[in-house]
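Colleague: The numbering of the sequence shown is our numbering, which starts it at 1 and goes up by one.
We put the CB at the ideal spot given by N, CA and C, even for glycine.
The following block contains the structure, expressed as structure tokens.
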Amino acid sequence: MAARIAPPDFDLDAYVARSGALDLSEIPWDDVPRHPVPAGALRTLRYMQDIESHTIVYLRELLATRAIDDPEVATFLACWLYEETFHGIAIRRFLEAAGQPVGPRARPRGQEPLAKRVEAAAVAALSKLWPDFCALHMTWGAINELSTLTAYRRLADVAAHPVLEDLLARIMRDESRHFFFYYRQAEIRLANPAAARVTRLLVERFWAPVGSGEQPRDEVRFLVDYLFTGADGRAAARKVDDTIRRLPGFRTVRLLEGWIDRCS
Ligand SMILES: [Fe+2]
Ligand SMILES: [Fe+2]
Numbered sequence: 001m002a003a004r005i006a007p008p009d010f011d012l013d014a015y016v017a018r019s020g021a022l023d024l025s026e027i028p029w030d031d032v033p034r035h036p037v038p039a040g041a042l043r044t045l046r047y048m049q050d051i052e053s054h055t056i057v058y059l060r061e062l063l064a065t066r067a068i069d070d071p072e073v074a075t076f077l078a079c080w081l082y083e084e085t086f087h088g089i090a091i092r093r094f095l096e097a098a099g100q101p102v103g104p105r106a107r108p109r110g111q112e113p114l115a116k117r118v119e120a121a122a123v124a125a126l127s128k129l130w131p132d133f134c135a136l137h138m139t140w141g142a143i144n145e146l147s148t149l150t151a152y153r154r155l156a157d158v159a160a161h162p163v164l165e166d167l168l169a170r171i172m173r174d175e176s177r178h179f180f181f182y183y184r185q186a187e188i189r190l191a192n193p194a195a196a197r198v199t200r201l202l203v204e205r206f207w208a209p210v211g212s213g214e215q216p217r218d219e220v221r222f223l224v225d226y227l228f229t230g231a232d233g234r235a236a237a238r239k240v241d242d243t244i245r246r247l248p249g250f251r252t253v254r255l256l257e258g259w260i261d262r263c264s
């Protein structure tokens, strides 16, 4: 049985007890069309709706790794998937109320693309060969949750739509709890310098904004430009990197800002 390494200040039982579907009953859906939604915000929401709904596909890749051997990570992932799924449902409902319904998600015909299958096989093989694989998984999760949380905060500011702001505030509460779990786990696992070295190498080589593997390149670039350029956007991106730099072994890393500089 995997060793129990609960972070001292993350109460998993309390998290599980609070975990649940986003409560949408108090959202004033009828007010959505009374306020304009900028075209850029609609495009961003379609992207986010797609990646939130894609969480279960991402989980399929994780199930083939040692991530689920740790009972606490497994418990967290079950709650996390449930909550992320409802984020997708909530954004879908907002888009419908705004008169921009989301069509059905394209179902892959036959096998997944070769690149995706190669990636999944590489991740599974890495997990089998490398006992500290969870350090990478937790660090990756922390970066993605923090950048998602920050993207939602920026979207709320940029779109200036009162109902969207309310909805995103509820989603952000979940995202910050997700971030906290991943980040505390990452801190503990990266305290092992060898694990930190390999994790950093892989993150710097392969990390890209959430959704990069599923969305067309132009959509990723649009979202990053829309939310993370200008003085406020840059400051938000820098804050993401500053937080990740506090992880053991990550002191000089540049992730979101590095991606922006390379791709914009
Ligand atoms: Fe989410
Ligand atoms: Fe999340």
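For the alpha helix (DSSP H) containing residue 188, name the first residue and the last one.
Modeller: Unbroken alpha helix (DSSP H) run through residue 188: 162-189.
Colleague: Going along the chain, which residues of its own chain have a beta-carbon closer than 7 Å to the beta-carbon of residue 260, five neighbours each way excluded?
Modeller: So the qualifying residues of the chain are 224, 228, 237.
Colleague: My parser needs the alpha helix (DSSP H) runs of 4 or more residues fully inside the region 10-54; what are they?
Modeller: Listed in chain order, the complete alpha helix (DSSP H) runs (minimum 4 residues) inside the region 10-54 are 12-18, 39-53.
Colleague: What number of angstroms, rounded off, separates the C-alpha of residue 200 from the C-alpha of residue 263?
Modeller: Taking the straight line from one Cα to the other gives about 21 Å.
Colleague: Near residue 134, which residues of its chain fall below 8 Å by C-beta distance, leaving aside the five closest residues on each side in sequence?
Modeller: Within the same chain, residue 134 has close Cβ partners 66, 67, 70, 73, 185, 189.
Colleague: Does DSSP classify residue 96 as helix, strand or coil?
Modeller: Reduced to three states, the DSSP call for residue 96 is helix.
Colleague: Less than 8 Å between the CB atoms is what I'm expecting for residue 240 and residue 150, so what's the real figure, rounded?
Modeller: With 8 Å as the limit, residue 240 and residue 150 qualify as a contact, their Cβ atoms being about 5 Å apart.
Colleague: Indicate the three-state DSSP secondary structure (helix, strand or coil) for residue 209 in the structure shown.
Modeller: In this structure, residue 209 counts as coil in the three-state DSSP scheme.
Colleague: By alpha-carbon positions, which one of 83, 131, 29, 251 ends up nearest to residue 53?
Modeller: The candidate whose alpha carbon is nearest that of residue 53 is 83.
Colleague: With 16 as the cutoff for other CB atoms within 10 Å, does residue 248 come out buried or exposed?
Modeller: Answer is buried; the Cβ neighbour count reaches 16.
Colleague: Return helix, strand or coil for residue 151, following the three-state DSSP convention.
Modeller: Three-state result, residue 151: helix.
Colleague: Exposed or buried, residue 1, counting other C-beta atoms within 10 Å across all chains shown (16 or more means buried)?
Modeller: Any reading at residue 1 must be qualified, since the residue scores a pLDDT of 43, below 50, and its modelled position is unreliable; no value is offered.
Colleague: Using a 10 Å radius around the Cβ and a threshold of 16 neighbouring Cβ atoms, would you call residue 232 buried or exposed?
Modeller: Counting Cβ neighbours within 10 Å, residue 232 comes out exposed, since fewer than 16 surround it.
Colleague: Would you decide whether residue 171 is buried or exposed? Buried here means 16 or more other CB atoms lie within 10 Å of its CB.
Modeller: When all chains shown are included, residue 171 counts as buried.
Colleague: Which one of 102, 175, 257 has the shortest CA to CA distance from residue 46?
Modeller: It is 102.
Colleague: Would you please state the rounded distance, in angstroms, between the beta carbons of residue 265 and residue 155? I believe it to be under 8 Å.
Modeller: The shown model of the chain, from 1 to 264, leaves out residue 265, and the question about it has no answer.
Colleague: Can you tell which of 230, 213, 15, 10 has the C-alpha that lies nearest to the C-alpha of residue 115?
Modeller: With distances taken between Cα atoms, residue 115 lies closest to 213.
Colleague: Relative to the C-alpha of residue 215, which residue among 19, 51, 24 is closest?
Modeller: Among 19, 51, 24, the Cα nearest to that of residue 215 is on 51.
Colleague: Does the beta carbon of residue 174 fall short of 8 Å from some heavy atom of ligand 2?
Modeller: Yes, ligand 2 has a heavy atom inside 8 Å of this Cβ.
Colleague: Within 10 Å of its beta-carbon, does residue 211 have 16 or more other beta-carbons around it, so buried, or fewer, so exposed?
Modeller: Buried.
Colleague: From this set, 9, 161, 180, which residue's C-alpha is nearest residue 97's C-alpha?
Modeller: Here the closest residue by C-alpha is 161.
Colleague: Do residue 183 and residue 168 have their C-beta atoms closer together than 9 Å?
Modeller: Taking 9 Å as the Cβ cut-off, residue 183 and residue 168 do not qualify as a contacting pair.
Colleague: My output table needs one value for residue 265: the three-state DSSP class, helix, strand or coil.
Modeller: Coverage of the chain is limited to positions 1 through 264, which leaves residue 265 absent and any answer about it impossible.
Colleague: Is residue 140 near ligand 4 - that is, is its Cβ less than 8 Å away from at least one heavy atom of it?
Modeller: This structure does not include ligand 4; its bound ligands are ligand 1 and ligand 2.
Colleague: In three-state DSSP terms, what is residue 218?
Modeller: Three-state DSSP puts residue 218 in a helix.
Colleague: Do residue 61 and residue 120 have their beta-carbon atoms positioned less than 9 Å apart in this structure?
Modeller: It is a contact, given that the beta carbons lie within the stated cut-off.
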